[in-house]
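Mapping the sequence shown onto this note's numbering, position 72 (from 1) lands on 173, and the numbers just tick up by one.
We treat Cβ as the ideally placed atom computed from N, Cα and C, and that holds for glycine.
For reference, the structure discussed in these notes is given below.
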Amino acid sequence: MGIFDKMFSGLTKSRKNLEDLEELFRDFDPDSEDFYDELEELLVMSDMGAETTAQLLYDYKRMIYRQRIMKPRPAREALVYLLMQMLSDNDPEMKLTTKPSVILMVGVNGVGKTTTIGKLASRYKAEGKKVLLCAGDTFRAAAAEQLGVWAERSGSDIVRHEEGSDPASVVYDGICAAKARDADIIIIDTAGRLHNKANLMNELNKISRVVRRELPDADIETLMVLDATTGQNGLIQAKQFLETAGITGIVLTKLDGTAKGGIVFAISNELKLPVKYVGIGEGIDDLIPFDAKNFVEALFKE
């Protein structure tokens, strides 16, 4: 199954949420405020959010007016074009050219962070990379054990300490091990919750300082894992992490569940961050690189 087919299959539920949108276009009238009001409501309900919807509608009305679009098919194509443009502004490519390169994984508990790390490790191992996992979440019970299971499944090395250890020291040891074992990629797990937000962000900053001190020339991707089904709540989480964690991209999990798809556009527009991977299933190979064209076409495929 190709990437587009996987995307199309995984977005079945998201596409169902757009059925009302397809019906709306059948009655397209460029001069009808009712049409634009209904379009606005449907986009907000798709988890696109008020801010992104307002901007999209502004650009859409201008395009309809300037190109003198009068019929449903061109009107629908105009919306698809603008949605694709919104996603194309941010580069989804992973930048991992150094040896070792570092992927720092952040995100609140319960979003699928550990599973995502395992799937990433499996993907890079399949590409012939030597991967080392670093169990930097020493606060959550059994976090290191769960990561160990994924290390075994993916055939990756792992460095971990006992529960309650200093995360930065685990990361330091992981970097030393990666150098000694000639690893290509280090994937670092981090805590998703501490006693308060300030402690969590301080810990992430501490880990980042260790990485930059020990690997000053390394490519570093800081990926935040978001659960697509949380919609705008996920966007709020991302804004909090973005302030302190230096996020370079988003991994959107559970897009095959009750997610409505619109959150992808809100992330791109409001956070100015690329979605780098999307999870569209439970299998180890169901984490796929994000492609704006494939995503929009899969959403709107008739």
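Residue i to residue j span [Cα, whole Å]
i, j, result
"leucine 144", "glutamine 338", "21 Å"
"glutamine 341", "lysine 280", "33 Å"
"proline 375", "lysine 394", "14 Å"
"serine 266", "alanine 179", "54 Å"
"histidine 296", "lysine 373", "Low confidence applies here, because histidine 296 scores a pLDDT of 48, under 50, leaving its location unreliable; read the following figure in that light. In a straight line, the C-alpha of histidine 296 is about 29 Å away from that of lysine 373."
"serine 369", "alanine 284", "32 Å"
"threonine 331", "isoleucine 364", "9 Å"
"proline 175", "tyrosine 161", "12 Å"
"alanine 269", "glycine 237", "7 Å"
"aspartate 392", "glycine 380", "13 Å"
"valine 271", "arginine 313", "15 Å"
"isoleucine 389", "lysine 377", "9 Å"
"lysine 220", "leucine 157", "34 Å"
"glycine 249", "alanine 299", "28 Å"
"lysine 172", "glutamate 142", "21 Å"
"lysine 309", "alanine 222", "Reading off the sequence, residue 309 comes out as serine, not lysine. Straight-line Cα distance between these residues: approximately 20 Å."
"tyrosine 182", "valine 260", "46 Å"
"alanine 292", "leucine 205", "11 Å"
"valine 209", "lysine 196", "24 Å"
"threonine 216", "arginine 167", "47 Å"
"alanine 319", "isoleucine 287", "11 Å"
"glycine 211", "proline 131", "44 Å"
"glycine 362", "leucine 356", "7 Å"
"lysine 231", "tryptophan 251", "15 Å"
"methionine 187", "alanine 245", "38 Å"
"isoleucine 351", "isoleucine 321", "14 Å"
"alanine 243", "glutamate 263", "10 Å"
"serine 189", "alanine 399", "16 Å"
"lysine 307", "isoleucine 385", "31 Å"
"proline 193", "glutamate 344", "20 Å"
"serine 202", "arginine 177", "42 Å"
"glutamine 247", "isoleucine 170", "54 Å"
Residue span of the beta strand (DSSP E) that contains residue i, given as start and end
i, result
"valine 203", "202-207"
"proline 390", "388-390"
"lysine 162", "Looking at the DSSP string, lysine 162 is not in any beta strand (DSSP E); the run it does join, the alpha helix (DSSP H), is 151-167."
"glycine 380", "376-380"
"leucine 197", "Where leucine 197 is concerned, there is no enclosing beta strand (DSSP E), given that its DSSP letter is neither H nor E."
"leucine 233", "232-236"
Span of the alpha helix (DSSP H), counted from its first residue to its last, around residue i
i, result
"methionine 185", "173-189"
"alanine 284", "Counting along the chain, alanine 284 falls outside any alpha helix (DSSP H), and DSSP gives it neither H nor E."
"valine 145", "Per DSSP, valine 145 belongs to no alpha helix (DSSP H) and is neither H nor E."
Three-state secondary structure assigned by DSSP to residue i
i, result
"threonine 323", "strand"
"aspartate 130", "coil"
"isoleucine 289", "strand"
"isoleucine 218", "helix"
"aspartate 258", "strand"
"valine 212", "coil"
"lysine 340", "helix"
"glutamate 263", "coil"
"arginine 314", "helix"
"aspartate 138", "helix"
"alanine 399", "helix"
"phenylalanine 105", "For phenylalanine 105, the pLDDT reaches just 46, beneath the cut-off of 50, and the residue's location in the model is therefore unreliable, although a value from the coordinates is still provided. Three-state DSSP puts phenylalanine 105 in a helix."
"alanine 299", "helix"
"lysine 383", "The sequence shown places glutamate at residue 383, not lysine. In this structure, glutamate 383 counts as coil in the three-state DSSP scheme."
"isoleucine 348", "coil"
"isoleucine 308", "helix"
"alanine 242", "coil"
"isoleucine 364", "helix"
"aspartate 274", "helix"
"arginine 294", "coil"
"glycine 229", "coil"
"lysine 373", "coil"
"tryptophan 251", "helix"
Beta carbon proximity, residue i to chain D, threshold 7 Å
i, result
"proline 193", "Chain labels in this structure do not include chain D; a single protein chain is all it has."
Bridge-paired residues (DSSP) for residue i
i, result
"threonine 404", "With the chain represented from 102 up to 403, any question about residue 404 goes unanswered, as that position is not in the structure."
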